[in-house]
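Enquirer:
Have a look at this one:
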């Protein structure tokens, strides 16, 4: 038996206990939150090792920001765990029920998925979020983070395991794979005898690799080629503010926008206002010819690949379109199905955009940066699912469950 198979075996055993752990899960989560704050110094020291190595290797600033932890971010992690603990326990909740004519009482109830595998990149907060969400939903989790965050992830996982064990639950409810080679990812993708589902969280390359190579069922998350369409009736100041926030508040995350589409009838007014805001953060602009006619040579000529690129950086593609139809067609062709927004004062255009755009989250007059479990009132989330099965959008506690039917009889036979 390989080391990873041994981890899977321990996770299976832990999952059986978690399925009926009830209030113990909340006690363990509260202990975990307190432990994260108590041992913040240990986490920060480990994180410094990761960030020093990343800086030396030339990691770009936007990605370095994703890797970096601070006292405030650790406190935010802990608060996220507390919010998860405060949620209602989904396990055992009855979704529907009825009594048949023959007297059979049939209920559909929520149950854990079982054992969840996570493959993710250089975001150590995911270690805490994923562990807490899986535990709340009664699942064991095997985590495999990126090499850039291995010291941070190890410190966080050790703290969480100790806290969980201190409240009488199996420490192997949370396990971290410390081998960050490609071989460990491939092995996890083939752990069919132990994993019930595998969730990748990271860039397009990681997610594509997992989807194409995994023998374990996959929930696809994360890639965010998100757009804002500035309609001809848009409030220009509102549009500039939304675009500035959606691009620059944290450009390295999946709910940041990568392209804006601007109606030709408002482009001459809107584009200079948008550029003035984006200049505050020195955002590089890549635009179509009509965009360059308005803004000049400071805009780099866009090429075909710019419309599908997830930059995760201070780079934004701009295209002037003739109509709402053109905007919808562009989004349909290039969107990753994550988050899309329209800025408009036209009710019919807003409703049409909401109805026709096929994405996990669709906005009218608001920033795409709200696509987040916490912002949606779900607490932390394990990722943003961009597929339609088994879940879509921010995946909170409920999305980490399945269902089963419970049937109570009195001797009925068929």
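In this note's numbering, the protein residues as written are 729 to 1142. Glycine residues also receive a C-beta, built at the ideal position from the N, C-alpha and C atoms. Every value quoted in this text rests on a predicted model; they were computed, and no experiment measured them.
(1) Under the assumption that residue 840 contacts residue 1129 (Cβ atoms under 8 Å), give the Cβ distance between them as a whole number of angstroms.
(2) Can you name the residues that DSSP bridges to residue 842?
(3) How would you label residue 1133, buried or exposed, when you count the other beta carbons within 10 angstroms and need 16 or more for buried?
(4) Give every residue of the same chain whose Cβ lies closer than 8 Å to the Cβ of residue 1140, excluding the five residues on either side of it in the sequence, and list them in chain order.
(5) For residue 1125, which residues in the same chain have their Cβ closer than 8 Å to its Cβ, ignoring the five residues on either side in sequence?
(6) Which whole-angstrom value is the C-beta distance of residue 983 and residue 1066, which I expect to be below 8 Å?
(7) Decide if residue 853 is buried, meaning its Cβ has at least 16 other Cβ atoms within 10 Å, or exposed.
(8) In chain order, which beta strand (DSSP E) runs of at least 3 residues are fully inside the stretch 852-886?
(9) Considering residue 1091, what are the terminal residues of the beta strand (DSSP E) in which it resides?
(10) Using alpha carbons as the reference points, say which of 879, 1112, 905, 956 lies closest to residue 770.
(11) The beta strand (DSSP E) with residue 827 in it runs from where to where?
(12) Taking DSSP's pairing of strands, which residues face residue 954 in a bridge?
(13) Nearest CA to the CA of residue 837: which residue from 1142, 867, 1131?
(14) Could you please give me the residues that DSSP links to residue 848 through a beta bridge?
(15) On the DSSP letters alone, give me the boundaries of the alpha helix (DSSP H) that residue 913 sits inside.
(16) Could you please give me the residues that DSSP links to residue 1029 through a beta bridge?
(17) Kindly indicate which residue of 801, 1025, 1021, 946 has the alpha-carbon position closest to the one of residue 1117.
(18) Kindly indicate which three-state DSSP category residue 1064 falls into: helix, strand or coil?
(19) How long is the line joining the alpha carbons of residue 731 and residue 936, rounded to whole angstroms?
(20) Between residue 891 and residue 760, what straight-line distance do the alpha-carbon atoms span, to the nearest angstrom?
(21) Just to confirm the assignment, what range does the alpha helix (DSSP H) spanning residue 732 have?
(22) Please list the segments of the beta strand (DSSP E) lying wholly inside the stretch 1087-1140, counting only runs of 3 or more residues, in order along the chain.
(23) Pick helix, strand or coil for residue 753, following the three-state DSSP scheme.
(24) Skipping 5 residues on each side, what residues in its chain have a beta carbon closer than 6 Å to that of residue 835?
(25) Report back the beta-carbon spacing between residue 736 and residue 869 to the nearest angstrom; my notes put them in contact at under 8 Å.
(26) Can you tell me the Cα-Cα spacing of residue 827 and residue 1114, whole angstroms?
(27) For residue 849, which option in 792, 922, 764, 925 has the closest C-alpha, if you only look at C-alpha atoms?
Expert: In brief:
(1) Stepping through the chain shown from its first residue, residue 840 is reached at position 112. Stepping through the chain shown from its first residue, residue 1129 is reached at position 401. Right, their Cβ atoms sit about 6 Å apart.
(2) Within the chain shown, residue 842 is the residue found at index 114, counting from 1. Residue 842 is not bridged to any residue.
(3) Taking the first residue of the chain shown as 1, we reach residue 1133 at position 405. Label assigned to residue 1133: exposed.
(4) Start at 1 with the first residue of the chain shown, and residue 1140 comes out as number 412. For residue 1140, where only same-chain residues beyond five positions count, the Cβ hits under 8 Å are 830, 831, 832.
(5) As a first step, residue 1125 must be located in the chain shown, where it is residue number 397. If we look at residue 1125 and ignore the five residues flanking it on each side, its Cβ neighbours are 812, 815, 818, 861, 864, 865, 1106, 1107.
(6) Counted from its first residue, the chain shown places residue 983 at position 255. Counted from its first residue, the chain shown places residue 1066 at position 338. With 8 Å as the limit, residue 983 and residue 1066 qualify as a contact, their Cβ atoms being about 7 Å apart.
(7) Walking along the chain shown from the start, residue 853 turns up at place 125. Buried, since its Cβ has 16 or more Cβ neighbours within 10 Å.
(8) 868-872
(9) Residue 1091 sits at position 363 when you count from the first residue of the chain shown. That run of the beta strand (DSSP E) goes 1089-1092.
(10) Locating residue 770 in the chain shown gives position 42, counting from the first residue. The candidate whose alpha carbon is nearest that of residue 770 is 879.
(11) In the chain shown, counting from the first residue as 1, residue 827 sits at position 99. It spans 822-827 - the beta strand (DSSP E) in which residue 827 sits, taken as one unbroken run.
(12) What you label residue 954 is simply residue 226 of the chain shown in a count that begins at 1. Its beta-bridge partners are 985.
(13) Position 109 of the chain shown holds residue 837. Per the Cα distances, 1131.
(14) Here the question's residue 848 lines up with position 120 in the chain shown. According to DSSP, which records beta bridges pairwise, residue 848 is partnered with 929.
(15) Numbered from 1 along the chain shown, position 185 holds the residue referred to as residue 913. Counting along the chain, the alpha helix (DSSP H) containing residue 913 begins and ends at 910-917.
(16) As a working note, residue 1029 is residue 301 in the chain shown. Residue 1029 is bridged to 1015.
(17) Along the chain shown, one-based indexing puts residue 1117 at 389. Of the listed residues, the one whose Cα sits closest to residue 1117 is 946.
(18) Here residue 1064 refers to the residue found at position 336 of the chain shown. Residue 1064: coil per DSSP, three-state reduction.
(19) Along the chain shown, read from residue 1 onward, the residue named residue 731 stands at position 3. Along the chain shown, read from residue 1 onward, the residue named residue 936 stands at position 208. Between residue 731 and residue 936, the C-alpha separation is close to 26 Å.
(20) In the chain shown, the residue the question calls residue 891 occupies position 163. In the chain shown, the residue the question calls residue 760 occupies position 32. Taking the straight line joining both Cα atoms gives about 5 Å.
(21) As a first step, residue 732 is located in the chain shown; it is residue number 4 there, counting from the start. Segment 731-746, the alpha helix (DSSP H) holding residue 732.
(22) 1089-1092, 1129-1136
(23) If you number the chain shown from 1, residue 753 lands on position 25. In this structure, residue 753 counts as helix in the three-state DSSP scheme.
(24) Taking the first residue of the chain shown as position 1, residue 835 is located at position 107. Once the five neighbours on either side are set aside, the close Cβ partners of residue 835 are 822, 825, 1134.
(25) Translated into positions along the chain shown, residue 736 becomes position 8. Translated into positions along the chain shown, residue 869 becomes position 141. Actually they are not in contact, since the Cβ atoms of residue 736 and residue 869 sit about 11 Å apart, beyond 8 Å.
(26) Numbered from its first residue, the chain shown carries residue 827 at position 99. Numbered from its first residue, the chain shown carries residue 1114 at position 386. Each residue's Cα considered, the two are about 37 Å apart.
(27) Working through the chain shown from its first residue, we reach residue 849 at position 121. Out of 792, 922, 764, 925, 792 has the C-alpha closest to the C-alpha of residue 849.
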